[in-house]
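I have placed the structure first, in the form of structure tokens, so that the comments after it can refer back to it.
Protein chains: 2
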Amino acid sequence: MASLRKTASEPRVRLNRERVIGAAIALADSGGLDALTMRRLGDDLSVEAMSVYNHVANKEDLINGMADTVFCEIELPSHSDDWRTAIRKRSISFRDVLVRHPWATTVRDSGTNPGAATLRHHDRVIGTFRNGGFSVAAAAHAFSAVDSYIYGFAMQEKSLPFTTPEETAAMAEILLAQLPTSDYPYLAELTADHVLKPGYRYSDEFLVGLDLILDGLESMRAGPS
Amino acid sequence: MASLRKTASEPRVRLNRERVIGAAIALADSGGLDALTMRRLGDDLSVEAMSVYNHVANKEDLINGMADTVFCEIELPSHSDDWRTAIRKRSISFRDVLVRHPWATTVRDSGTNPGAATLRHHDRVIGTFRNGGFSVAAAAHAFSAVDSYIYGFAMQEKSLPFTTPEETAAMAEILLAQLPTSDYPYLAELTADHVLKPGYRYSDEFLVGLDLILDGLESMRAGPS
DNA sequence: TATTGTTATGTACGCTGTAAGCTAAACTTA
DNA sequence: TAAGTTTAGCTTACAGCGTACATAACAATA
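Protein sequences appear in the order of chains Y and D. Using the UniProt record's numbering, the first residue of the first sequence is number 1, and each one after it goes up by one. Using the UniProt record's numbering, the first residue of the second sequence is number 1, and each one after it goes up by one.
Shown next, in the form of structure tokens:
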């Protein structure tokens, strides 16, 4: 089979882990994790699939690398903000990153073998709580509650088949028409009186829930652990 | 190739959608979604892989069916309890189900084509909030916040490589030994002073975060929408 | 220029989901 | 019971998957 390079004169641009992971992220961003196959990744890099294995142990290692790289995009909590502002900003940034890279919601590298970026990020978040006056136990509670919420919200958001208010309205109309309204009265009510209101966007729910949790954490911080 | 049945005398036990989905759930429970292949599923049902397609449109349809079946296991909010008790019970039941079927955390059928069980469940949850005095908008907020938290918590929990306090302690010791403590002081502190405390279980965090959210929802219900 | 180690290629294997056509079982009606 | 019709299960086949392994092409050093 002919080489993928057109002529011998243009020199082969060498691969490296960074380029491989970058291309893999781009591929997963545009077509989901299913679109990420070693052969397609090779194509995008103008290289045979097997060449990728010189820079990545296997597909799992590749995906872990992708996750760690994406974690770098999350804004670290600022030292100069108070804990609530800092955590709020980084939570919004976290969700933004998960919206940009929806595949990342289902990938958890932190559990088994977290990368350096993941560790650093976690350390800074916990540190923000501690410096904000949280006890060690309260910081653990806070960390768990906030991150669970963010992950879960991003997952729900990803699974929705619409994004813009127009799409949402169209989908809601269809749903409402199909739905046996008498069987699901509350679902019907919520769809008609809330979702179909002009300008409704599910993504707006994010801040409502986040602020609710932050309020609760402030009480926990002030009160007994 | 010989028939999978031993003799012609024992009549063929007929397949149906329910049996197919049941076997698929058992397979995914024990080995994760990766273990669920059509051939293995056929083996478990003493049938060729292709026979399954007489009861299921394709693998996606199968997985949606599995998700809807699993949703039935979640305890519906009781009509006799006050909203908070009812939602708290069903949230705990929801998480229990996700622990029993970890693969279900990453499967979202509700978004694109929810099954009947899923719809009924959602309707009852929203109805519980409405009857508890929540406005339509507040019920939407509450539903989103609670379910995001449950999904996210279950996902984090699933990705942890340990379950029992003993395993946790062992993992934490290893982590702490490997970790450059000076680079991650807060992570080290949390591990040493919290995770390594006897009897620590990450799963205990679930109720802390859940009650924090329910407290916040109670304020929202009482206050302005 | 010769040597040595690294990186890309090519081929191959055992998996996967599932389309197509066939056979045999089960139900329907006479 | 017999004949006709519908359905469920079997078999074969195919394209695409991750990746092991051997080889060829390159880059860096002596």
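We treat Cβ as the ideally placed atom computed from N, Cα and C, and that holds for glycine.
_To be precise: take each residue of the UniProt domain "HTH tetR-type" (14-74) of chain D, compare its Cβ to all Cβ atoms of chain Y, and keep it if any distance is under 8 Å. Which residues remain?_
Under the 8 Å Cβ criterion, the UniProt domain "HTH tetR-type" (14-74) of chain D contributes no residue.
_Please tell me whether E189 (chain Y) has its Cβ less than 8 Å away from any Cβ of chain D._
Taking the first sequence and counting its residues from 1, the one referred to as residue 189 (chain Y) is at position 189. Among the residues facing chain D, E189 (chain Y) is included, as its CB has a counterpart in that chain under 8 Å away.
*Pair every Cβ in the stretch 120-137 of chain Y with every Cβ in the stretch 174-189 of chain D, then say whether three or more of these pairs are closer than 8 Å.*
The stretch 120-137 of chain Y makes contact with the stretch 174-189 of chain D, as at least three CB pairs between them are under 8 Å.
_At the 8 Å Cβ level, is M171 (chain Y) part of the contact set with chain D, yes or no?_
As a position in the first sequence, residue 171 (chain Y) is number 171, starting the count at 1. No, because no Cβ of chain D sits closer than 8 Å to the Cβ of M171 (chain Y).
_Stretch-stretch touch, CB-based, cutoff 8 Å, three pairs: the stretch 16-33 of chain Y with the stretch 73-90 of chain Y_ = No contact exists between the stretch 16-33 of chain Y and the stretch 73-90 of chain Y.
*Check the Cβ of H121 (chain D) against every Cβ in chain Y and list those closer than 9 Å, keeping chain order.*
Taking the second sequence and counting its residues from 1, the one referred to as residue 121 (chain D) is at position 121. Within chain Y, no residue comes near H121 (chain D); the closest Cβ sits about 10 Å away, beyond 9 Å.
*Please report how far the alpha carbon of A222 (chain Y) lies from the alpha carbon of D68 (chain D), in whole angstroms.*
The residue given as residue 222 (chain Y) occupies position 222 in the first sequence. The residue given as residue 68 (chain D) occupies position 68 in the second sequence. Approximately 42 Å between the Cα atoms of the pair.
*Taking C-beta to C-beta, are D215 (chain Y) and V136 (chain D) nearer than 8 Å?*
By one-based count along the first sequence, residue 215 (chain Y) stands at place 215. By one-based count along the second sequence, residue 136 (chain D) stands at place 136. The Cβ atoms of D215 (chain Y) and V136 (chain D) lie no closer than 8 Å to each other.
*Please determine, among Y:P180, Y:R130, Y:G132 and Y:T106, the residue with the shortest C-alpha to C-alpha distance to P154 (chain Y).*
On the first sequence, residue 154 (chain Y) is found 154 positions in, with the first residue counted as 1. Reading the sequence as shown, one finds Ala at residue 154 (chain Y) and not Pro. Out of Y:P180, Y:R130, Y:G132 and Y:T106, the CA that lies nearest to the CA of A154 (chain Y) is found in Y:T106.
*Report the rounded CA-to-CA distance for V47 (chain D) versus F134 (chain Y), giving the unit in angstroms.*
By one-based count along the second sequence, residue 47 (chain D) stands at place 47. By one-based count along the first sequence, residue 134 (chain Y) stands at place 134. Taking the straight line joining both Cα atoms gives about 58 Å.
*Using a Cβ cut-off of 8 Å (strictly closer), state whether A222 (chain Y) contacts chain D.*
Reading the first sequence from its first residue, position 222 is the one you call residue 222 (chain Y). No, no contact with chain D.
*Take H55 (chain Y) and list the residues in its own chain whose beta-carbon comes closer than 7 Å to its own, dropping the five residues that flank it on each side.*
As a first step, residue 55 (chain Y) is located in the first sequence; it is residue number 55 there, counting from the start. L15, N16, R17 and V20, listed in sequence order.
*Starting from the N-terminal side, write out each stretch of the alpha helix (DSSP H) that is 4 residues or longer and does not extend beyond the stretch 120-163 of chain Y.*
With a minimum length of 4 residues, the continuous alpha helix (DSSP H) runs that stay inside the stretch 120-163 of chain Y are 136-159.
*Classify S219 (chain D) as helix, strand or coil using the three-state DSSP reduction.*
Stepping through the second sequence from its first residue, residue 219 (chain D) is reached at position 219. Reduced to three states, the DSSP call for S219 (chain D) is helix.
_Please classify P114 (chain D) as buried or exposed, where buried requires at least 16 neighbouring CB atoms within 10 angstroms._
For the purposes of this step, residue 114 (chain D) is taken as the residue at position 114 of the second sequence. With a 10 Å radius around the Cβ and a threshold of 16 neighbouring Cβ atoms, P114 (chain D) comes out buried.
*Give every residue of the same chain whose Cβ lies closer than 8 Å to the Cβ of V52 (chain Y), excluding the five residues on either side of it in the sequence, and list them in chain order.*
Start at 1 with the first residue of the first sequence, and residue 52 (chain Y) comes out as number 52. For V52 (chain Y), where only same-chain residues beyond five positions count, the Cβ hits under 8 Å are L15, V20, M38, L41, G42, L45 and L62.
*When Cβ atoms are compared, which residues of the stretch 127-140 of chain D fall closer than 8 Å to chain Y?*
The stretch 127-140 of chain D vs chain Y, Cβ under 8 Å: G127, R130, V136, A137, A139 and A140.
*Kindly indicate which three-state DSSP category L176 (chain Y) falls into: helix, strand or coil?*
The residue given as residue 176 (chain Y) occupies position 176 in the first sequence. In the three-state reduction of the DSSP assignment, L176 (chain Y) falls in the helix class.
*Along the chain, where does the alpha helix (DSSP H) that runs through N64 (chain D) open and close?*
Taking the second sequence and counting its residues from 1, one reaches residue 64 (chain D) at position 64. According to the DSSP assignment, N64 (chain D) belongs to the alpha helix (DSSP H) that extends over K59 to C72.
*Does the distance from the C-beta atom of I25 (chain Y) to that of F94 (chain Y) stay below 8 Å?*
Position 25 of the first sequence, counted from the first residue, corresponds to residue 25 (chain Y). Position 94 of the first sequence, counted from the first residue, corresponds to residue 94 (chain Y). Between I25 (chain Y) and F94 (chain Y), the C-beta spacing is not below 8 Å.
*Please check if any C-beta of chain Y sits within less than 8 Å of the C-beta of A8 (chain D).*
What you label residue 8 (chain D) is simply residue 8 of the second sequence in a count that begins at 1. Reliability fails at A8 (chain D), whose pLDDT of 39 lies under 50, so the model's placement of it is uncertain and no value is given.
*Name the chain D residues whose beta carbon is nearer than 9 Å to that of I213 (chain Y)?*
Here the question's residue 213 (chain Y) lines up with position 213 in the first sequence. The contacting residues are A145, Y149, G209, L212, I213 and G216.
_Would you say G115 (chain Y) lies against chain D (beta-carbon separation less than 8 Å)?_
Mapped onto the first sequence, residue 115 (chain Y) falls at position 115. No, no contact with chain D.
*asked:* Let me confirm a value: A116 (chain Y) is counted as buried when at least 16 other C-beta atoms fall within 10 Å, else exposed. Which label applies?
replied: Counted from its first residue, the first sequence places residue 116 (chain Y) at position 116. Flag for A116 (chain Y) reads exposed.
*asked:* Mapping the DSSP letters down to three states, classify L45 (chain D) as helix, strand or coil.
replied: Position 45 of the second sequence holds residue 45 (chain D). Looking at L45 (chain D) - three-state DSSP - the assignment turns out to be coil, as it is neither helix nor strand.
*So does the stretch 154-174 of chain Y actually touch the stretch 81-100 of chain Y, counting three or more Cβ pairs closer than 8 Å?*
Under the three-pair Cβ rule at 8 Å, the stretch 154-174 of chain Y counts as touching the stretch 81-100 of chain Y.
*Put H55 (chain D) into one of helix, strand or coil per three-state DSSP.*
Residue numbering aside, residue 55 (chain D) sits at position 55 when the second sequence is read from its first letter. Taken through DSSP and simplified to helix, strand or coil, H55 (chain D) comes out as coil.
*Helix, strand or coil for Y186 (chain Y), going by three-state DSSP, please let me know.*
Counting from one through the first sequence, the residue named residue 186 (chain Y) turns up at place 186. When secondary structure is reduced to three states using DSSP, Y186 (chain Y) falls in the helix class.
*Going by other Cβ atoms of all chains shown within 10 Å of its Cβ, with 16 needed for buried, is D34 (chain D) buried or exposed?*
Within the second sequence, numbered from 1, the residue matching residue 34 (chain D) stands at position 34. Taking a 10 Å sphere around the C-beta of D34 (chain D), we find fewer than 16 other C-beta atoms and assign the residue as exposed.
*Thinking just about the alpha-carbon of each residue, which of D:G209, D:E205 and D:A169 is nearest to the one in V195 (chain D)?*
Working through the second sequence from its first residue, we reach residue 195 (chain D) at position 195. Of the residues D:G209, D:E205 and D:A169, the one whose Cα lies closest to the Cα of V195 (chain D) is D:A169.
*Should S219 (chain Y) go down as buried or exposed, given a rule of 16 or more other Cβ atoms within 10 Å for buried?*
One-based indexing of the first sequence puts residue 219 (chain Y) at position 219. Using a 10 angstroms sphere on the CB of S219 (chain Y), the tally of other CB atoms stays under 16, which defines it as exposed.
*Using the beta-carbon of each residue, which ones in chain Y are nearer than 8 Å to R108 (chain D)?*
Counted from its first residue, the second sequence places residue 108 (chain D) at position 108. Taking a Cβ-Cβ threshold of 8 Å, the residues of chain Y close to R108 (chain D) are M155, Q156, K158 and S159, in chain order.
*Express the C-alpha separation of L190 (chain Y) and K59 (chain Y) in angstroms, rounding to a whole number.*
For this step, residue 59 (chain Y) is matched to residue 59 along the first sequence. For this step, residue 190 (chain Y) is matched to residue 190 along the first sequence. Each residue's alpha carbon lies about 43 Å from the other.
*For R95 (chain Y), the first and last residue of its enclosing alpha helix (DSSP H)*: Translated into the one-based positions of the first sequence, residue 95 (chain Y) becomes position 95. Annotation for R95 (chain Y): the continuous alpha helix (DSSP H) segment containing it runs W83 to R100.
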